[in-house]
Amino acid sequence: MSDLVPPAELTVLTGASGWFGRAYLAHLKDTAEGRIRVLVPAAAEVPAVLAAHPGVAVHVGDIADPEVTRRLLAGAEGASLVHAAGVIHPHRTAEFTRVNVLGTQALLAAARAAGVRRLTHISSNSPFGVNPRPDEVFRHSEPYRPYLGYGESKMHAEIAVLAANGEGLETTVVRPPWFYGEWQPARQTTFFSLCRHGRFPLLGDGSMRRSMTYVGNLIQGVELAARHVKAAGNGYWVADERPYPMREIVTTVRQVLREEGYAISKRQVRLPLALGALAERADRLVQATGRYSQELHVLGELDKTIACDVATTTADLGYRPSVALADGMRRSIRWCRSRGIDL
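Here it is in C-alpha coordinates:
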(Lines of atoms letter the chains of each structure in order from A and count residues from 1; the text may use other names and numbers.)
(Lines give C-alpha, C1' and ligand atoms only; values in the text may rest on other atoms or scores of the structure.)
Protein backbone atom coordinates (compact mmCIF):
# COMPACT_ATOMS: atom_id res chain seq x y z
CA MET A 1 0.00 0.00 0.00
CA SER A 2 1.38 3.41 -0.97
CA ASP A 3 1.99 6.07 1.67
CA LEU A 4 0.75 8.66 -0.84
CA VAL A 5 -2.97 9.23 -1.28
CA PRO A 6 -4.15 9.77 -4.88
CA PRO A 7 -3.94 13.34 -6.19
CA ALA A 8 -7.03 15.39 -5.45
CA GLU A 9 -9.39 16.19 -8.32
CA LEU A 10 -9.27 19.85 -7.23
CA THR A 11 -6.22 21.77 -6.02
CA VAL A 12 -6.81 25.19 -4.44
CA LEU A 13 -3.88 27.57 -4.07
CA THR A 14 -3.70 30.83 -2.13
CA GLY A 15 -0.88 33.28 -2.78
CA ALA A 16 -0.93 32.28 -6.44
CA SER A 17 0.75 35.48 -7.64
CA GLY A 18 3.73 35.08 -5.30
CA TRP A 19 7.11 33.48 -5.93
CA PHE A 20 6.21 29.95 -4.89
CA GLY A 21 2.67 30.32 -6.21
CA ARG A 22 3.68 31.02 -9.79
CA ALA A 23 6.46 28.42 -9.75
CA TYR A 24 3.98 25.84 -8.44
CA LEU A 25 1.40 26.74 -11.08
CA ALA A 26 3.99 26.40 -13.85
CA HIS A 27 4.82 22.96 -12.47
CA LEU A 28 1.16 21.94 -12.26
CA LYS A 29 0.58 23.06 -15.85
CA ASP A 30 3.04 20.39 -16.98
CA THR A 31 2.15 17.64 -14.50
CA ALA A 32 -1.38 17.86 -13.08
CA GLU A 33 -4.59 16.61 -14.65
CA GLY A 34 -7.09 17.90 -12.09
CA ARG A 35 -8.79 21.27 -11.77
CA ILE A 36 -6.96 24.21 -10.19
CA ARG A 37 -8.53 27.15 -8.40
CA VAL A 38 -6.45 30.05 -7.06
CA LEU A 39 -6.74 33.20 -4.97
CA VAL A 40 -4.94 36.50 -5.59
CA PRO A 41 -5.39 39.71 -3.58
CA ALA A 42 -5.87 42.11 -6.50
CA ALA A 43 -7.11 42.03 -10.10
CA ALA A 44 -3.81 43.54 -11.27
CA GLU A 45 -2.09 40.26 -10.36
CA VAL A 46 -4.29 38.03 -12.51
CA PRO A 47 -2.14 38.33 -15.69
CA ALA A 48 0.97 37.15 -13.80
CA VAL A 49 -0.92 34.07 -12.63
CA LEU A 50 -2.30 33.24 -16.07
CA ALA A 51 1.20 33.61 -17.52
CA ALA A 52 2.27 30.72 -15.29
CA HIS A 53 -0.83 28.60 -15.93
CA PRO A 54 -3.55 29.87 -18.28
CA GLY A 55 -5.97 27.10 -17.31
CA VAL A 56 -6.65 28.03 -13.69
CA ALA A 57 -9.85 29.49 -12.25
CA VAL A 58 -8.88 32.76 -10.55
CA HIS A 59 -10.63 34.27 -7.53
CA VAL A 60 -9.75 37.82 -6.44
CA GLY A 61 -10.11 39.00 -2.86
CA ASP A 62 -8.71 39.57 0.61
CA ILE A 63 -7.81 36.31 2.32
CA ALA A 64 -8.71 37.81 5.70
CA ASP A 65 -12.33 38.27 4.52
CA PRO A 66 -14.37 35.17 5.53
CA GLU A 67 -16.75 35.72 2.61
CA VAL A 68 -13.82 35.58 0.17
CA THR A 69 -12.50 32.32 1.61
CA ARG A 70 -16.02 30.85 1.68
CA ARG A 71 -16.49 31.58 -2.04
CA LEU A 72 -12.99 30.31 -2.84
CA LEU A 73 -13.74 26.94 -1.27
CA ALA A 74 -17.36 26.51 -2.34
CA GLY A 75 -17.73 22.98 -3.71
CA ALA A 76 -14.19 22.05 -2.64
CA GLU A 77 -15.04 18.85 -0.79
CA GLY A 78 -12.08 16.47 -0.92
CA ALA A 79 -9.78 19.15 -2.34
CA SER A 80 -6.10 19.69 -1.61
CA LEU A 81 -5.60 23.25 -0.34
CA VAL A 82 -2.09 24.74 -0.51
CA HIS A 83 -1.92 27.91 1.58
CA ALA A 84 0.95 30.06 0.30
CA ALA A 85 -0.59 33.50 0.85
CA GLY A 86 1.33 35.73 3.23
CA VAL A 87 3.01 39.08 3.61
CA ILE A 88 6.77 39.26 4.25
CA HIS A 89 7.80 42.89 3.74
CA PRO A 90 4.75 45.14 4.41
CA HIS A 91 4.59 48.89 4.84
CA ARG A 92 3.01 48.52 8.30
CA THR A 93 3.51 45.69 10.77
CA ALA A 94 -0.25 45.38 11.35
CA GLU A 95 -0.38 43.60 7.99
CA PHE A 96 1.52 40.67 9.51
CA THR A 97 -1.40 39.92 11.81
CA ARG A 98 -4.16 40.75 9.35
CA VAL A 99 -2.87 38.62 6.47
CA ASN A 100 -0.70 35.94 8.05
CA VAL A 101 -2.78 35.22 11.16
CA LEU A 102 -6.36 36.34 10.50
CA GLY A 103 -6.15 35.23 6.87
CA THR A 104 -5.03 31.76 7.92
CA GLN A 105 -7.80 31.53 10.50
CA ALA A 106 -10.43 32.54 7.93
CA LEU A 107 -9.10 29.96 5.49
CA LEU A 108 -9.12 27.19 8.11
CA ALA A 109 -12.75 27.89 9.00
CA ALA A 110 -13.80 27.88 5.35
CA ALA A 111 -11.78 24.72 4.64
CA ARG A 112 -13.44 22.79 7.44
CA ALA A 113 -16.91 23.96 6.40
CA ALA A 114 -16.27 23.01 2.76
CA GLY A 115 -14.92 19.52 3.51
CA VAL A 116 -11.40 20.13 2.20
CA ARG A 117 -9.31 16.96 2.61
CA ARG A 118 -5.96 18.51 3.55
CA LEU A 119 -4.55 22.01 4.02
CA THR A 120 -0.80 22.34 3.44
CA HIS A 121 0.49 25.57 4.95
CA ILE A 122 3.67 27.22 3.64
CA SER A 123 5.39 28.61 6.73
CA SER A 124 8.97 29.85 7.23
CA ASN A 125 12.06 29.57 9.38
CA SER A 126 11.08 32.83 11.11
CA PRO A 127 8.82 31.26 13.80
CA PHE A 128 12.01 29.58 15.07
CA GLY A 129 14.22 32.64 14.94
CA VAL A 130 17.92 32.20 14.39
CA ASN A 131 20.27 29.43 15.46
CA PRO A 132 21.67 30.05 18.97
CA ARG A 133 25.15 29.02 17.78
CA PRO A 134 26.72 29.04 14.31
CA ASP A 135 27.27 25.26 14.40
CA GLU A 136 23.64 24.42 15.24
CA VAL A 137 20.72 23.58 12.95
CA PHE A 138 16.97 23.58 13.47
CA ARG A 139 15.67 20.03 13.82
CA HIS A 140 12.20 18.50 13.53
CA SER A 141 11.09 19.12 17.11
CA GLU A 142 12.21 22.70 17.60
CA PRO A 143 10.69 25.18 20.10
CA TYR A 144 9.26 28.41 18.76
CA ARG A 145 11.52 31.46 19.12
CA PRO A 146 9.93 33.91 16.66
CA TYR A 147 12.06 36.59 15.07
CA LEU A 148 10.30 39.96 15.13
CA GLY A 149 6.84 40.66 13.71
CA TYR A 150 6.92 38.37 10.71
CA GLY A 151 8.15 35.43 12.76
CA GLU A 152 5.51 35.96 15.42
CA SER A 153 2.72 36.12 12.85
CA LYS A 154 3.89 32.95 11.11
CA MET A 155 4.20 31.22 14.49
CA HIS A 156 0.56 32.00 15.32
CA ALA A 157 -0.47 30.83 11.85
CA GLU A 158 1.41 27.53 12.33
CA ILE A 159 -0.16 26.97 15.74
CA ALA A 160 -3.64 27.52 14.30
CA VAL A 161 -2.99 25.20 11.36
CA LEU A 162 -1.61 22.33 13.42
CA ALA A 163 -4.34 22.69 16.06
CA ALA A 164 -6.98 22.34 13.32
CA ASN A 165 -5.79 18.88 12.28
CA GLY A 166 -8.52 16.29 12.74
CA GLU A 167 -12.32 16.31 12.79
CA GLY A 168 -12.62 15.99 9.03
CA LEU A 169 -9.73 18.26 8.03
CA GLU A 170 -6.10 17.20 7.79
CA THR A 171 -3.45 19.89 8.11
CA THR A 172 0.31 19.99 7.68
CA VAL A 173 3.04 22.63 7.66
CA VAL A 174 6.04 23.04 5.34
CA ARG A 175 8.89 25.28 6.55
CA PRO A 176 11.15 26.58 3.78
CA PRO A 177 13.90 29.13 4.45
CA TRP A 178 15.24 31.56 1.81
CA PHE A 179 13.91 30.66 -1.67
CA TYR A 180 15.77 30.85 -4.94
CA GLY A 181 14.86 29.80 -8.46
CA GLU A 182 12.54 30.61 -11.32
CA TRP A 183 9.66 33.10 -11.03
CA GLN A 184 11.70 35.18 -8.61
CA PRO A 185 10.44 38.59 -7.45
CA ALA A 186 12.25 41.91 -7.72
CA ARG A 187 14.01 41.52 -4.37
CA GLN A 188 15.88 38.43 -5.60
CA THR A 189 16.78 40.17 -8.85
CA THR A 190 18.22 42.99 -6.74
CA PHE A 191 20.27 40.39 -4.83
CA PHE A 192 21.74 39.11 -8.10
CA SER A 193 22.56 42.63 -9.25
CA LEU A 194 24.24 43.49 -5.95
CA CYS A 195 26.32 40.31 -6.10
CA ARG A 196 27.30 41.00 -9.71
CA HIS A 197 28.52 44.51 -8.92
CA GLY A 198 30.20 43.54 -5.63
CA ARG A 199 27.77 45.56 -3.53
CA PHE A 200 26.06 42.78 -1.57
CA PRO A 201 27.66 43.12 1.88
CA LEU A 202 29.40 40.22 3.57
CA LEU A 203 29.53 40.79 7.32
CA GLY A 204 32.65 39.64 9.12
CA ASP A 205 34.23 36.65 7.41
CA GLY A 206 30.93 35.54 5.85
CA SER A 207 31.00 32.17 7.64
CA MET A 208 27.43 32.36 8.98
CA ARG A 209 25.34 29.65 7.33
CA ARG A 210 22.00 29.85 5.55
CA SER A 211 19.70 27.08 4.52
CA MET A 212 18.21 27.85 1.12
CA THR A 213 15.41 26.21 -0.85
CA TYR A 214 15.43 25.90 -4.61
CA VAL A 215 11.79 26.28 -5.70
CA GLY A 216 11.78 22.90 -7.43
CA ASN A 217 12.88 21.25 -4.18
CA LEU A 218 10.15 23.16 -2.36
CA ILE A 219 7.52 21.99 -4.84
CA GLN A 220 8.62 18.40 -4.24
CA GLY A 221 8.30 18.91 -0.48
CA VAL A 222 4.88 20.54 -0.76
CA GLU A 223 3.52 17.77 -2.97
CA LEU A 224 4.77 15.12 -0.55
CA ALA A 225 3.28 16.97 2.43
CA ALA A 226 -0.03 17.33 0.61
CA ARG A 227 -0.33 13.60 -0.09
CA HIS A 228 1.74 11.59 2.41
CA VAL A 229 -0.22 9.88 5.18
CA LYS A 230 2.48 10.69 7.76
CA ALA A 231 2.36 14.43 7.11
CA ALA A 232 -1.03 15.14 8.71
CA GLY A 233 -0.60 17.03 11.98
CA ASN A 234 3.14 17.59 11.47
CA GLY A 235 5.50 20.34 10.34
CA TYR A 236 8.52 19.70 8.11
CA TRP A 237 11.65 21.59 7.10
CA VAL A 238 12.04 21.72 3.32
CA ALA A 239 15.39 23.00 2.09
CA ASP A 240 18.42 22.04 0.04
CA GLU A 241 20.45 19.12 1.34
CA ARG A 242 22.86 21.30 3.34
CA PRO A 243 23.19 24.90 4.56
CA TYR A 244 25.61 27.20 2.75
CA PRO A 245 27.99 29.78 4.28
CA MET A 246 27.06 33.29 3.16
CA ARG A 247 30.40 33.74 1.44
CA GLU A 248 29.74 30.56 -0.58
CA ILE A 249 26.31 31.86 -1.62
CA VAL A 250 27.71 35.17 -2.86
CA THR A 251 30.74 33.54 -4.50
CA THR A 252 28.52 30.99 -6.26
CA VAL A 253 26.15 33.63 -7.61
CA ARG A 254 29.10 35.66 -8.93
CA GLN A 255 30.72 32.59 -10.49
CA VAL A 256 27.52 31.45 -12.21
CA LEU A 257 26.84 34.96 -13.50
CA ARG A 258 30.38 35.02 -14.92
CA GLU A 259 29.89 31.62 -16.57
CA GLU A 260 26.63 32.87 -18.07
CA GLY A 261 28.44 35.76 -19.74
CA TYR A 262 27.84 38.63 -17.31
CA ALA A 263 30.66 41.03 -16.44
CA ILE A 264 31.48 40.75 -12.73
CA SER A 265 33.00 43.49 -10.60
CA LYS A 266 36.29 42.66 -8.88
CA ARG A 267 35.22 44.47 -5.73
CA GLN A 268 33.37 42.90 -2.80
CA VAL A 269 31.89 44.98 -0.01
CA ARG A 270 32.78 43.70 3.47
CA LEU A 271 31.36 45.25 6.61
CA PRO A 272 32.00 44.76 10.35
CA LEU A 273 30.07 41.91 11.94
CA ALA A 274 28.70 44.29 14.59
CA LEU A 275 26.68 46.11 11.92
CA GLY A 276 24.19 43.23 11.86
CA ALA A 277 23.39 43.60 15.56
CA LEU A 278 23.03 47.37 15.18
CA ALA A 279 20.62 46.91 12.26
CA GLU A 280 18.60 44.36 14.24
CA ARG A 281 18.30 46.81 17.12
CA ALA A 282 17.11 49.53 14.75
CA ASP A 283 14.70 47.09 13.11
CA ARG A 284 13.15 46.29 16.49
CA LEU A 285 12.75 49.98 17.29
CA VAL A 286 11.12 50.71 13.94
CA GLN A 287 8.74 47.75 14.18
CA ALA A 288 7.76 48.82 17.71
CA THR A 289 6.28 51.98 16.13
CA GLY A 290 4.20 49.90 13.70
CA ARG A 291 6.41 50.66 10.72
CA TYR A 292 8.64 48.34 8.71
CA SER A 293 11.93 48.77 6.84
CA GLN A 294 12.88 45.94 4.50
CA GLU A 295 16.47 47.19 4.23
CA LEU A 296 16.97 47.24 8.01
CA HIS A 297 15.36 43.84 8.41
CA VAL A 298 17.52 42.17 5.78
CA LEU A 299 20.73 43.78 7.08
CA GLY A 300 19.84 42.75 10.63
CA GLU A 301 19.80 39.08 9.58
CA LEU A 302 23.10 39.08 7.69
CA ASP A 303 25.23 38.33 10.76
CA LYS A 304 23.13 35.32 11.76
CA THR A 305 23.05 31.60 11.04
CA ILE A 306 19.63 30.33 9.94
CA ALA A 307 20.11 26.66 9.13
CA CYS A 308 17.87 23.59 9.27
CA ASP A 309 18.13 19.81 9.03
CA VAL A 310 15.85 18.02 6.54
CA ALA A 311 16.61 14.50 7.83
CA THR A 312 13.13 13.93 9.28
CA THR A 313 11.50 15.20 6.09
CA THR A 314 13.58 12.69 4.16
CA ALA A 315 12.84 9.84 6.57
CA ASP A 316 9.09 10.48 6.92
CA LEU A 317 8.10 11.72 3.48
CA GLY A 318 10.84 10.46 1.17
CA TYR A 319 11.98 14.00 0.37
CA ARG A 320 15.10 14.09 -1.83
CA PRO A 321 16.30 17.59 -2.78
CA SER A 322 17.73 17.10 -6.26
CA VAL A 323 18.98 20.62 -7.06
CA ALA A 324 21.81 22.35 -5.18
CA LEU A 325 23.06 25.92 -5.11
CA ALA A 326 25.03 26.38 -8.34
CA ASP A 327 22.55 24.52 -10.54
CA GLY A 328 19.57 26.29 -9.00
CA MET A 329 21.15 29.73 -9.34
CA ARG A 330 22.01 28.98 -12.96
CA ARG A 331 18.39 28.03 -13.69
CA SER A 332 17.21 31.23 -12.03
CA ILE A 333 19.66 33.43 -13.95
CA ARG A 334 18.69 31.80 -17.25
CA TRP A 335 15.00 32.29 -16.40
CA CYS A 336 15.67 36.00 -15.84
CA ARG A 337 17.52 36.29 -19.13
CA SER A 338 14.75 34.49 -21.04
CA ARG A 339 12.30 37.13 -19.82
CA GLY A 340 14.52 40.11 -20.48
CA ILE A 341 15.08 40.83 -16.78
CA ASP A 342 18.19 42.96 -16.34
CA LEU A 343 20.66 41.72 -13.75
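The numbering of the sequence shown is full-length UniProt numbering, which starts it at 1 and goes up by one. All C-beta atoms, glycine included, are put in the ideal place defined by N, C-alpha and C.
Under the three-state reduction of DSSP, E45 is assigned to helix. If you compare the alpha carbons of R334, R284, T69, V101 with that of V298, the shortest gap goes to R284.
For W19, the secondary structure class from DSSP, reduced to helix, strand or coil, is helix. Between E77 and V49, the alpha-carbon positions lie close to 24 Å from each other.
Looking at the DSSP output, P245 sits in a beta bridge with R209. When C-beta atoms of the segment 305-317 are compared with those of the segment 231-251, three or more pairs fall below 8 Å, so the two segments count as touching. A distance below 9 Å separates the beta carbons of G290 and A94. DSSP links L203 through a beta bridge to L271.
Proximity of the segment 52-59 to the segment 21-41 meets the contact definition, three or more beta-carbon pairs being nearer than 8 Å. DSSP, read as helix, strand or coil, puts R291 in strand. Ranking P127, D342, I159, E295 by CA distance to the CA of L148 puts P127 first.
A residue is called buried when at least 16 other Cβ atoms come within 10 angstroms of its Cβ; H91 does not meet this threshold and is exposed. Only residues of its own chain outside the window of five on either side were considered, and among them G300 have a CB closer than 7 Å to the CB of E280, listed in chain order. The alpha carbon of T213 has as its nearest neighbour, out of P6, G261, A23, V12, the alpha carbon of A23.
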